[in-house]
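The numbering of the sequence shown is our numbering, which starts it at 1 and goes up by one.
Note that the Cβ used here is the ideal one computed from N, Cα and C, for glycine as well.
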Amino acid sequence: MQIYVTKDYEAMSRKAAAVMAAQIIAKPDSILGLATGSSPVGLYQDLIAGCAAGDLDFSRITTVNLDEYAGLDGTHDQSYRYFMNTNLFDHVNVDKARTNVPNGKAPDPAAECVRYEAMLQKLGPADIQLLGMGRNGHIGFNEPDDVFTAPTHVVELTDSTIDANARFFASRDEVPKKALTMGVGAIMRARRVLVVVSGPDKAEAVKAAFAGPITPRVPASILQLHPDVVLVGDEAALAGLLETGVTACG
Ligand code: F6R
């Protein structure tokens with residue numbers, strides 16, 4: 001695993017965007033696994049700037065997103081499809097037909113998960129999978145559980161995740177209670193995994209994930225088994241992990 005420690009969120013975003021940009025430049029038809037949430041917003045802004053400057057070309061890029069709330073249409077301003085359109089896709093020259101997000105409005109969410117997993121299998125592994133991390137160690141919406149679930153599946157969101165996401169909704173009651181998420185199978189199949197973490201409230205989860213036992217109680221801990229993980233975090237988020245004596249690259 002390569003670990004990069006940065007001063008703050010902006011520096012984290014720049015460094016992680018550079019890793020993503022290198023991938024896009026090296027392989028213009030890359031499959032990018034993407035995430036939503038506050039962690040990747042700065043990174044996406046840097047990619048948008050790179051595209052505007054003519055340094056990055058998304059015209060042959062395919063994207064696969066991790067997850068979507070069940071029950072939200074792509075036009076709902078809290079849906080992850082809407083997030084991706086407004087935070088990245090609308091501002092770069094990606095072909096929207098090659099951007100994939102689970103359909104939260106599918107009448108049968110379980111069938112939608114089967115469709116999404118088949119699509120992922122057909123596409124093949126993502127060249128790079130971007131991940132944020134929940135305070136409880138979740139990746140995508142793979143919440144702490146007794147088992148790791150490999151394929152795309154429907155999840156009941158935990159109280160901790162609903163609390164964390166309530167800030168984006170008018171009230172806690174409006175936060176969907178279920179989501180569709182890529183399982184750990186497709187995440188682990190990605191050729192490279194890029195994790196971005198920022199802020200002190202992530203420190204405990206980051207330490208547990210990368211210095212603790214591999215357990216579905218801390219879903220991100222499975223990344224210890226991945227051969228190519230790049231972890232980019234600010235000092236606050238990495239403080240606990242660095243205390244354990246792991247070595248950072250820069
Ligand atoms: C988002 C996702 C989630 C977030 C995680 C961290 O697509 O899959 O796992 O990455 O909840 O969220 P933020 O970045 O808002 O702290």
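Does the Cβ of Glu174 have 16 or more other Cβ atoms within 10 Å, making it buried, or fewer, making it exposed?
-> Under this definition Glu174 is an exposed residue.
With DSSP collapsed to three states, give me the class of Asn65.
-> Three-state DSSP puts Asn65 in a strand.
Cβ of Met133 within 7 angstroms of any heavy atom in ligand 1?
-> Checking every heavy atom of ligand 1 against the Cβ of Met133, one is found closer than 7 angstroms.
Are there 16 or more other CB atoms within 10 angstroms of the CB of Cys51, so buried, or fewer, so exposed?
-> The residue in question, Cys51, is buried, as its Cβ has 16 or more Cβ neighbours within 10 Å.
Cβ contact check for the stretch 54-68 and the stretch 85-97: 3 or more pairs under 8 angstroms | Touching, yes, given that three or more Cβ pairs across the two stretches are closer than 8 angstroms.
Glu235 - containing beta strand (DSSP E), residue span | Element bounds for Glu235: not the beta strand (DSSP E) but the alpha helix (DSSP H), 235-243.
Check whether Ala186 and Leu157 have beta carbons under 8 angstroms apart | Contact: no.
DSSP three-state assignment for His226, whether helix, strand or coil = Three-state DSSP puts His226 in coil, outside helix and strand.
Anticipated Cβ contact below 8 angstroms, Ala248 with Tyr9, distance rounded = Wrong, their Cβ atoms sit about 17 angstroms apart, outside the cutoff.
Does the separation of the CB atoms of Ala110 and Val154 fall below 8 angstroms?
-> Result yes, Cβ atoms of Ala110 and Val154 sit closer than 8 angstroms.
DSSP beta-bridge partners of Ala126 = DSSP output for Ala126 lists no bridge partner at all.
Exposure of Leu130, with buried meaning 16 or more beta-carbon neighbours within 10 Å = Label assigned to Leu130: buried.
In chain order, what residues of the same chain lie with their CB nearer than 8 angstroms to the CB of Gln23, ignoring the 5 residues before and after it?
-> Here Gln23 has Ser30, Leu32, Asp127, Ile128, Arg192 as same chain residues with Cβ atoms under 8 angstroms from its own Cβ, once five neighbours each way along the sequence are excluded.
Relative to ligand 1, is the shortest distance from any of its heavy atoms to the C-beta of Ser39 smaller than 7 angstroms?
-> Yes, the beta carbon of Ser39 sits closer than 7 angstroms to at least one heavy atom of ligand 1.
Mind checking Glu243: buried by the 16 CB within 10 Å criterion, or exposed?
-> For Glu243, the number of other beta carbons within 10 angstroms of its own is below 16, and it is reported as exposed.
Would you identify the three-state DSSP class for Gln78, choosing helix, strand or coil?
-> Reduced to three states, the DSSP call for Gln78 is coil.
Between Tyr82, Ala70, Met133, His76, which lies nearest to Val218 when the distance is taken from Cα to Cα?
-> For the residues Tyr82, Ala70, Met133, His76, the minimum Cα distance to Val218 belongs to Met133.
Is any heavy atom of ligand 1 found at a distance shorter than 7 angstroms from the C-beta of Ala35?
-> Within the cutoff, so yes.
Residue range of the alpha helix (DSSP H) that includes Lys15 = That run of the alpha helix (DSSP H) goes 9-26.
Alpha carbon to alpha carbon, how far is Phe148 from Thr215? Give it in angstroms, no decimals.
-> Computed Cα separation, rounded: 8 angstroms.
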